[in-house]
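Working notes for the structure below.
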Amino acid sequence: MSVHSEIKRITVNTLLKMKASGEKISMLTAYDYSMARIVDEAGVDVILVGDSASNVMAGHETTLPITLDQMIYHAQSVIRAVKRALVVVDLPFGSYQGNSRIALESAVRIMKESGAHAVKMEGGEEIRESVIRILSAGIPVMGHLGLVPQSIYKFGTYTVRAKDEDEANRLRSDAKLLESLGCFGIVLEKIPAKLATEVSQNLEIPTIGIGAGGGCDGQVLVLHDLLGLTKDFQPRFLRRYLNLFDEVKGAISHYVADVKSKDFPNEKEQY
Ligand code: KIV
2 MSVHSEIKRI TVNTLLKMKA SGEKISMLTA YDYSMARIVD EAGVDVILVG DSASNVMAGH
62 ETTLPITLDQ MIYHAQSVIR AVKRALVVVD LPFGSYQGNS RIALESAVRI MKESGAHAVK
122 MEGGEEIRES VIRILSAGIP VMGHLGLVPQ SIYKFGTYTV RAKDEDEANR LRSDAKLLES
182 LGCFGIVLEK IPAKLATEVS QNLEIPTIGI GAGGGCDGQV LVLHDLLGLT KDFQPRFLRR
242 YLNLFDEVKG AISHYVADVK SKDFPNEKEQ Y
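Reading the sequence shown from the start, the letters are residues 2 to 272 in the numbering used here.
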């Protein structure tokens with residue numbers, strides 16, 4: 002038996018069981034083979050091929066420009082590395098809003114061309130038809146409520162969402178709707194911790210928070226933020242575990258200096 006076949010894969014059912022037993026779910030983004038391999042080996046339960054690739058991989062200001070083809074490319078690279086985690090891929094802006102047939106085509110392309118296990122979509126009532134159609138094709142769907150970055154130009158800012166009662170009520174009913182349609186989980190982004198806890202307690206499916214407090218059933222961060230590869234982004238919810246920007250820069254500066262000084266390569270580093 003190969004090592005590969007001994008690893009127990011995380012499925013959407015595993016996540017439901019984790020919620021039921023009170024075990025917290027860890028989720029992290031990845032966009033390429035090398036990082037996905039590390040993230041998977043480190044024991045992360047869910048790897049999100051997030052459209053935050055638009056920011057951290059491509060350098061765009063928002064998540065809007067990334068295309069379906071580019072998301073599929075990132076997902077293919079991640080899938081090649083992953084042996085255990087559930088791999089969820091963001092449907093990018095413009096690939097599912099407004100037309101459920103196009104939404105299904107987009108989700109099918111992601112599943113068929115990358116081998117990913119599920120898709121994630123931002124929104125509630127307004128994407129109901131697209132969610133239904135994708136689920137009816139047997140594709141697991143994760144929801145995303147609260148701060149939904151694909152609608153940044155509607156909100157105008159990245160500040161905390163659902164602070165007023167109207168928006169909080171809309172979020173409560175959208176969460177219930179997504180669960181009733183058959184979504185297997187919901188990301189709650191940047192909403193008050195009290196609201197996130199209440200929503201989590203009222204759902205059977207797990208919630209995964211980012212800036213939504215410890216009452217969610219799991220947590221997600223953008224890999225580049227956790228590792229300190231991004232420098233200027235410092236929201237309150239972000240815990241940085243490394244300062245890789247400076248560490249990598251230091252190593253590369255050292256390499257440049259070694260080349261200039263003719264220290265590299267030395268006798269042992271040549272043939
Ligand atoms: O694209 C992304 O990285 C996300 C997370 C912030 C949840 O959607």
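Idealized CB from N, CA, C, for every residue including glycine.
Backbone secondary structure at residue i - three-state DSSP
i, result
"G251", "helix"
"H118", "coil"
"T12", "coil"
"L136", "helix"
"L69", "helix"
"I192", "coil"
"L87", "strand"
"M2", "With a pLDDT of 45 at M2, under the threshold of 50, the predicted position of this residue should be treated as unreliable, and no value is reported."
"L17", "helix"
"P150", "helix"
"L245", "helix"
"E106", "helix"
"Y256", "helix"
"K155", "helix"
"N56", "helix"
"T160", "coil"
"D226", "helix"
"Q98", "coil"
"A76", "helix"
"A169", "helix"
"N267", "coil"
"S262", "coil"
"L239", "coil"
"D41", "helix"
"L92", "coil"
"A197", "helix"
"E127", "helix"
"E62", "coil"
"E7", "helix"
"K113", "helix"
One or two residues paired with residue i in a DSSP bridge
i, result
"D175", "The partner list for D175 (beta bridge, DSSP) is empty, contrary to what the question assumes."
"G144", "M122 and I187"
"M36", "Paired residues: none, contrary to the question."
"M28", "V47 and V221"
"T208", "I187"
For residue j and residue i, believed in contact at Cβ under 8 angstroms, the rounded distance
i, j, result
"I211", "F238", "7 angstroms"
"M28", "V221", "4 angstroms"
"M72", "V50", "7 angstroms"
"Y242", "L230", "Y242 to L230, Cβ: 11 angstroms. No contact."
"S55", "I67", "4 angstroms"
"Y32", "A82", "With a Cβ gap of about 11 angstroms, Y32 and A82 do not count as contacting."
"S107", "L69", "6 angstroms"
"V142", "M122", "6 angstroms"
"I209", "C184", "12 angstroms between Cβ atoms; not a contact."
"L105", "R129", "Not really, about 14 angstroms apart at Cβ, beyond 8 angstroms."
"L92", "V47", "16 angstroms between Cβ atoms; not a contact."
"S131", "A76", "Actually they are not in contact, since the Cβ atoms of S131 and A76 sit about 19 angstroms apart, beyond 8 angstroms."
"A117", "I80", "6 angstroms"
Residues near residue i by beta carbon distance below 6 angstroms, same chain, minus five either side
i, result
"G215", "none"
"A213", "L189, I192 and A197"
"V13", "P141 and F185"
Cβ neighbours of residue i in the same chain (closer than 8 angstroms, five flanking residues each side left out)
i, result
"V249", "L230"
"N203", "R173, A176 and K177"
"V45", "S27, M28, L29 and A86"
"A138", "L105, A108 and V109"
"R102", "R134"
"Q271", "none"
Cut-off 7 angstroms between Cβ atoms - residues of its own chain near residue i, not counting five sequence neighbours on either side
i, result
"R162", "G147, L148, E168, K191 and I192"
"S201", "T208, G216, C217 and D218"
"G124", "V149"
Any chain C beta carbon closer than 7 angstroms to residue i
i, result
"V47", "Absent from the structure is chain C; it holds one protein chain and no more."
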